[in-house]
Amino acid sequence: MSLYFLCFILFCVGLYCLLRKRNIIKIIIGLGIIEYSVNMFLILIGYRTNGRAPIFARNQEISNMVDPLPQALCLTTIVIGLSITLLVVGLAVRIYEKYGTFDITKIRRLKG
Amino acid sequence: MELHLILIFMICASIVAVRTKDLISSVIALSAAGLGLCLAFLILKAPNLAMTQLVVEILCVIVLIRGTINKDLPLVKDGRWLFNTVSTLVFIALFLTLIFLVLKELPRFGEPLMRVSGEYIANGFKKTGSANLVSAITLRFRGYDALGEVAILFAAAIGVLAITRRKGRLHDSNDKK
Numbered sequence: 001m002s003l004y005f006l007c008f009i010l011f012c013v014g015l016y017c018l019l020r021k022r023n024i025i026k027i028i029i030g031l032g033i034i035e036y037s038v039n040m041f042l043i044l045i046g047y048r049t050n051g052r053a054p055i056f057a058r059n060q061e062i063s064n065m066v067d068p069l070p071q072a073l074c075l076t077t078i079v080i081g082l083s084i085t086l087l088v089v090g091l092a093v094r095i096y097e098k099y100g101t102f103d104i105t106k107i108r109r110l111k112g
Numbered sequence: 113m114e115l116h117l118i119l120i121f122m123i124c125a126s127i128v129a130v131r132t133k134d135l136i137s138s139v140i141a142l143s144a145a146g147l148g149l150c151l152a153f154l155i156l157k158a159p160n161l162a163m164t165q166l167v168v169e170i171l172c173v174i175v176l177i178r179g180t181i182n183k184d185l186p187l188v189k190d191g192r193w194l195f196n197t198v199s200t201l202v203f204i205a206l207f208l209t210l211i212f213l214v215l216k217e218l219p220r221f222g223e224p225l226m227r228v229s230g231e232y233i234a235n236g237f238k239k240t241g242s243a244n245l246v247s248a249i250t251l252r253f254r255g256y257d258a259l260g261e262v263a264i265l266f267a268a269a270i271g272v273l274a275i276t277r278r279k280g281r282l283h284d285s286n287d288k289k
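Sequence order for the protein chains is A and B.
Residue 94 in the numbering used here is what sits at position 94 of the first sequence, and the numbering runs on without skipping anything.
Residue 285 in the numbering used here is what sits at position 173 of the second sequence, and the numbering runs on without skipping anything.
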């Protein structure tokens, strides 16, 4: 249970960064931290004590495996997180080219 | 015990990433947290995820450094500092209370439910012929999920192309210099 709690603390650090910071790059970093904590939490739920990796082997001694389903779905979320990060960084670079700043409170005026 | 250490390391790296004023140091601290996550996946018996996380982490760092290099960081404190901090802390407190309400419904650590994946473990090798159960689930049992993932990746690639390209935008906009 303490592992779950540490995971939620990591989530809270990311949430603080996401809500409080005004720099776009810092907001992206907060998104990344939240993504790490959620992936970690999903894998923690599927872990079995003294289990083995979900790969069959010829001479296996331990028979109980960890849960392979959260691992398979986490693979999807990691790749989707990468694509989200790329998209948001692309947006941030365009915003910097247009407005000359990363500060989200300065991007209010319309231009062009 | 190692997991606790790695998670505490990740929390410290994240706090450093949030608090530093230099953007590139912040990105490097974030990548330290990501590599800690990679190690944690190895300890949690998920080698596929560890490899994927390593590759994705390196790509993320490259892209983020490309985005932040040679850029300034305006550091301003305006009058709404107190309001912003208090509302953020209220949100975090709300989240933590909801978590405490939910926490006892979760399965205990080390004893997963295995209601769906028991079937996969029992019949996975016979039905798919793949020794690696994670790839068997990703590609055979849950193939439509992988299809959706590829669709999202494709949409994101098209989005990045549409956002970052410069050619063609100068011709039809009137405000070019």
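All C-beta atoms in this analysis are idealised placements derived from N, C-alpha and C, irrespective of residue type, glycine included.
The Cβ atoms of TYR4 of chain A and PHE221 of chain B sit closer than 9 Å to each other. Contact of ASN23 of chain A with chain B is assigned, a C-beta pair being separated by under 9 Å. Of all alpha-carbon atoms in A:ARG48, A:LEU6, A:SER2 and A:PHE11, the one lying nearest the alpha-carbon of PHE203 of chain B is that of A:PHE11. Judged by their CB atoms, GLY30 of chain A and GLY146 of chain B are not nearer to each other than the 9 Å cut-off.
Contact check between the region 205-222 of chain B and the region 128-145 of chain B: fewer than three CB pairs, one atom from each, fall below 8 Å, which does not count as touching. Not a single CB atom of chain B sits nearer than 9 Å to the CB of ASN59 of chain A. Remark: C-beta atoms of ILE34 of chain A and VAL88 of chain A do not approach each other more closely than 9 Å.
The Cβ of ILE107 of chain A sits no closer than 9 Å to any Cβ of chain B. In this structure, B:GLY148 is the residue among B:GLY148, B:LEU213 and B:GLY230 with its C-alpha nearest to the C-alpha of ALA125 of chain B. Contact annotation, ARG48 of chain A with PRO159 of chain B: C-beta distance approximately 16 Å; criterion of less than 8 Å not satisfied. In chain order, ASP67 make up the part of chain A whose C-beta sits under 7 Å from the C-beta of MET226 of chain B.
For ASN23 of chain A, the beta-bridge partners assigned by DSSP are A:ASP103. Put simply, the CB of TYR256 of chain B is far from chain A, with every gap to its CB atoms at 9 Å or more. Within the model, the alpha-carbon separation for LEU206 of chain B versus PHE8 of chain A is close to 13 Å. Against chain A, the beta carbon of GLU217 of chain B has no neighbour under 9 Å; the closest one sits roughly 12 Å away. Only those residues of the region 25-54 of chain A whose C-beta falls short of 9 Å from the nearest C-beta of chain B are listed: ILE25, LYS26, ILE28, ILE29, GLY30, GLY32, ILE33, TYR36, SER37, ASN39, MET40, ILE43, LEU44, ILE45, GLY46, TYR47, ARG48, THR49, ASN50, GLY51, ARG52, ALA53 and PRO54.
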